[in-house]
Structure formats: structure tokens, C-alpha cells
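In terms of full-length UniProt numbering, the sequence shown opens at residue 1 and continues consecutively.
C-beta: ideal position from N, C-alpha, C; glycine also.
It should be emphasised that the depicted structure is a prediction, and the values quoted were computed from it without experimental measurement.
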Amino acid sequence: MHEFLTYFLSHMPSHDKWVAFILVNIVAYVAARNTALRQRQQIEKKTFAEQLERLEAERSGYIQSLREQEQLVKEQWAMIQRQAHQLEELTNQLHAVKQVHLN
1 MHEFLTYFLS
11 HMPSHDKWVA
21 FILVNIVAYV
31 AARNTALRQR
41 QQIEKKTFAE
51 QLERLEAERS
61 GYIQSLREQE
71 QLVKEQWAMI
81 QRQAHQLEEL
91 TNQLHAVKQV
101 HLN
């Protein structure tokens with residue numbers, strides 16, 4: 001803003017053209033400000049898009065990890081069920097052997 005005022009005051013036209021001069025400089029200032037705002041918005045959009053992309057990648061990684069863990073749980077549960085079945089069979093065999101020895 002300081003540079004604009006310095007430029008403005010150092011280039012003051014004659015009295016008959018001062019209104020046009022002020023209007024032109026105001027329009028130029030607003031245009032420059034809008035350009036700066038647009039550039040800032042583009043940077044913010046790019047940053048947001050990069051953050052979104054990074055978060056989506058992290059999310060995909062977590063989903064994959066969760067699926068792998070679910071598969072491991074299924075496999076471990078199947079193993080536990082097999083071992084429980086084997087334990088039950090061994091228990092039944094033990095009871096049968098005891099019955100044979102007791103009789």
C-alpha cells in the first residue's frame with residue numbers, strides 16, 4: 001500500500017485530469033489486489049488438493065491394513081476352531097481309554 005501511495009503522489013497530474021487519474025489508479029490497485037488474491041487462492045487450492053491426496057493415500061493404506069488384519073483374524077479363528085475340534089477328539093479318546101482300563 002505504501003508503494004502505491006508513493007507512486008500515486010509522485011505522479012499527480014494537472015488539476016483538470018486528477019479525477020481520471022484517481023479512478024485509473026484505483027482500478028489498477030483493485031486489479032492488482034484481485035490478482036494477488038487469486039494467486040493466494042490457487043496456492044491454497046493446490047495445498048488443499050495435496051493434503052486431500054495424502055489423506056486419501058493414508059486412508060487407502062489403513063483400509064488395506066484393516067483388510068489384512070481381518071484376514072489374519074479369520075485364519076486364526078479357523079485355526080482355533082480346528083484345535084478345539086482336535087482337543088475335543090483327544091478328550092473323547094482319553095475318556096474311551098479310561099473306560100477301557102476301568103472295565
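Item: Entirely enclosed alpha helix (DSSP H) segments - the region 49-83, minimum 4 residues; Value: none
Item: Nearest candidate by alpha-carbon position, reference N25, set E50, Y7 and H2; Value: Y7
Item: Coil, strand or helix - N103 by DSSP; Value: coil
Item: Nearest-angstrom Cβ-Cβ length linking Y29 and F48, presumed shorter than 8 Å; Value: Y29 to F48, Cβ: 28 Å. No contact.
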